[in-house]
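A.B. asks: My structure is below; once you've seen it, I'll send some questions.
In the numbering used here, the protein residues as written are 51 to 223.
Pasting the structure below:
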């Protein structure tokens with residue numbers, strides 16, 4: 051975690067290589083090549099975390115070693131070579147599994163808990179919300195919903211929902 055005034059250790063994307071080696075290690079491998087000397091350092095089981103997962107996906111990614119110590123921060127995944135980009139996207143997709151809601155089938159309330167039945171880009175889902183505060187407006191018609199188990203769901207743009215889904219959502223927000 052950064053404190054006010056603390057400098058962020060930015061990593062040069064030109065010297066970064068990400069790869070997945072399932073047989074050798076569980077997670078992501080990172081090789082950092084020094085452009086001046088050509089020397090390289092390799093880290094295995096690298097964990098990756100967005101600094102701003104909701105507002106800046108694909109940008110400002112913190113890389114940590116297997117002990118949780120920060121290696122540095124990557125500004126933008128699009129600056130990487132294609133193979134590294136794919137390996138890093140795979141890891142981020144696993145870490146940040148956020149289904150996109152495409153249709154709201156029903157919302158029912160029972161004992162103060164709302165029960166949602168939805169269709170997502172990952173298939174049908176059922177979940178519960180404790181309160182309306184679990185629905186967060188991100189602006190521009192986007193909503194992030196956090197269920198009772200801490201799972202997140204994304205409505206990228208409420209205007210893209212069918213009229214029934216929109217009216218059900220409007221009753222909850």
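Using N, Cα and C, we set each Cβ at its ideal position, and we do this for glycine too.
According to DSSP, simplified to helix, strand and coil, what is residue 140?
C.D. replies: Helix, per DSSP.
A.B. asks: Got a sec? Which residues, its chain only, sit under 7 Å from residue 136 by beta carbon, not counting five neighbours each side?
C.D. replies: There are no such residues.
A.B. asks: Less than 8 Å between C-beta atoms, sequence neighbours within five positions excluded: which residues of the same chain meet that for residue 170?
C.D. replies: Cβ within range, chain order: 149, 150, 151, 152 and 203.
A.B. asks: Just to confirm my understanding: we take residue 177, look at its own chain, exclude 5 residues before and 5 after, and list those with CB closer than 6 Å. What are they?
C.D. replies: Cβ within range, chain order: 166 and 197.
A.B. asks: Per the DSSP calculation, residue 118 is bridged to which residue(s)?
C.D. replies: Bridge partners of residue 118: none, in fact.
A.B. asks: Could you have a look at residue 108 and say whether DSSP puts it in helix, strand or coil?
C.D. replies: Residue 108 falls in the coil class under three-state DSSP.
A.B. asks: Measuring CB atoms only, is the stretch 87 to 100 touching the stretch 109 to 116, in the sense that at least three cross pairs come out at less than 8 Å?
C.D. replies: The answer is yes - the stretch 109 to 116 touches the stretch 87 to 100, with three or more Cβ pairs under 8 Å.
A.B. asks: Quick check: the Cα distance between residue 127 and residue 63, rounded to an integer number of angstroms?
C.D. replies: Whole-angstrom Cα-Cα distance: 8 Å.
A.B. asks: Residue 86 by DSSP, collapsed to three states: which one?
C.D. replies: If DSSP states are grouped into helix, strand and coil, residue 86 belongs with coil.
A.B. asks: Looking only at C-alpha atoms, which of 146, 156 and 131 sits nearest to residue 67?
C.D. replies: Ranking the options by Cα distance to residue 67, first place goes to 131.
A.B. asks: Taking Cβ positions, are residue 141 and residue 78 nearer each other than 7 Å?
C.D. replies: The answer is yes: Cβ separation under 7 Å.
A.B. asks: Can you tell me whether residue 58 is helix, strand or coil according to DSSP?
C.D. replies: Note: residue 58 maps to coil in three-state DSSP.
A.B. asks: Rounded to a whole number of angstroms, what is the C-alpha to C-alpha distance between residue 81 and residue 105?
C.D. replies: Roughly 28 Å separates the two Cα atoms.
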